[in-house]
Amino acid sequence: MRVLLIEDYGPLRKSVTQGLREAGFAVDATKDGDEGLAYAEAGDYDAILLDLMLPKMDGLTLLKRLRESGNAVHILVLTAKDTLEDRVTGLNLGADDYLVKPFAFEELLARIHALVRRKYNAKSSTIRIGDLQIDRTAKTVSRAGHPIDLTAHEYSILEILALKAESVVTRSMIWDRIYTFDAEPNSNVIEVFIGNLRKKLERDGLPRLIHTRRGLGYVLREP
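The opening position of the sequence shown corresponds to residue 2 in the working numbering, with each subsequent residue numbered one higher.
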């Protein structure tokens with residue numbers, strides 16, 4: 002899962018980022034509202050953790066901008082402001098949940114998992130494209146009735162290709178899905194992942210699902 006943390010207090014930002022990464026999340030972290038908005042608009046996140054008292058652009062303004070632009074990513078507000086008015090304002094602007102500082106990391110983790118479950122429960126948990134089946138809740142894949150064992154990165158790439166089936170998915174979109182913003186892009190890495198995916202999906206002579214669009218990216222389509 003991919004999370005964006007927008008928090009100006011350095012020690013908290015560092016500890017939450019480290020904890021989430023140890024828990025298996027891909028995490029981007031930033032300390033001000035302007036940069037946070039840019040990350041949120043450019044990235045494909047499962048959840049955003051948003052402080053309200055931010056420099057350059059406060060959290061409520063950032064929240065409002067995202068919702069006005071149609072961005073429906075789940076947003077968990079993190080704040081030391083624990084008044085009813087603040088909570089109501091944040092929720093009315095489109096926040097999905099509210100966590101008051103200081104908080105236990107275990108509670109934060111539980112809130113994030115609850116948001117992500119809500120996200121996937123709102124959609125069909127299974128994607129079917131021809132004889133390919135992806136269970137997004139169990140994170141399992143099968144083809145022609147046979148299970149396929151994928152790594153975490155391979156699964157993430159296949160999922161985004163399936164969600165955008167019949168459309169081109171660029172290498173940069175795939176890179177942003179599986180790595181953090183501070184990672185150095187390397188198209189060869191993406192090609193290796195795609196090659197491994199093809200080998201696993203095309204065993205026993207099954208027809209190709211993932212097609213290359215030279216100079217553009219990749220398309221997953223039913224044979």
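We treat Cβ as the ideally placed atom computed from N, Cα and C, and that holds for glycine.
- Under the DSSP assignment, Asp177 falls in the alpha helix (DSSP H) whose first and last residues are Arg172 to Ile179.
- By the Cβ criterion, the stretch 96-107 is not in contact with the stretch 131-140, since fewer than three pairs of Cβ atoms, one from each stretch, lie closer than 8 Å.
- Just so you know, the alpha carbons of Tyr219 and Asp150 end up roughly 21 Å apart.
- By the beta-carbon neighbour count (other beta carbons within 10 angstroms, threshold 16), Glu86 is exposed.
- When DSSP states are grouped into helix, strand and coil, Ser143 belongs to the strand group.
- Judged by pairs of C-beta atoms under 8 Å, the stretch 49-66 touches the stretch 6-15, as three or more such pairs exist.
- Listed in chain order, the beta strand (DSSP E) runs fully inside the stretch 9-91 are 27-31, 48-52 and 75-80, counting runs of at least 3 residues.
- Here DSSP, grouped into helix, strand and coil, assigns Leu207 to coil.
- DSSP lists Val142 as the beta-bridge partner residues of Ile149.
- Looking at the DSSP output, Leu100 shares a beta bridge with Leu79.
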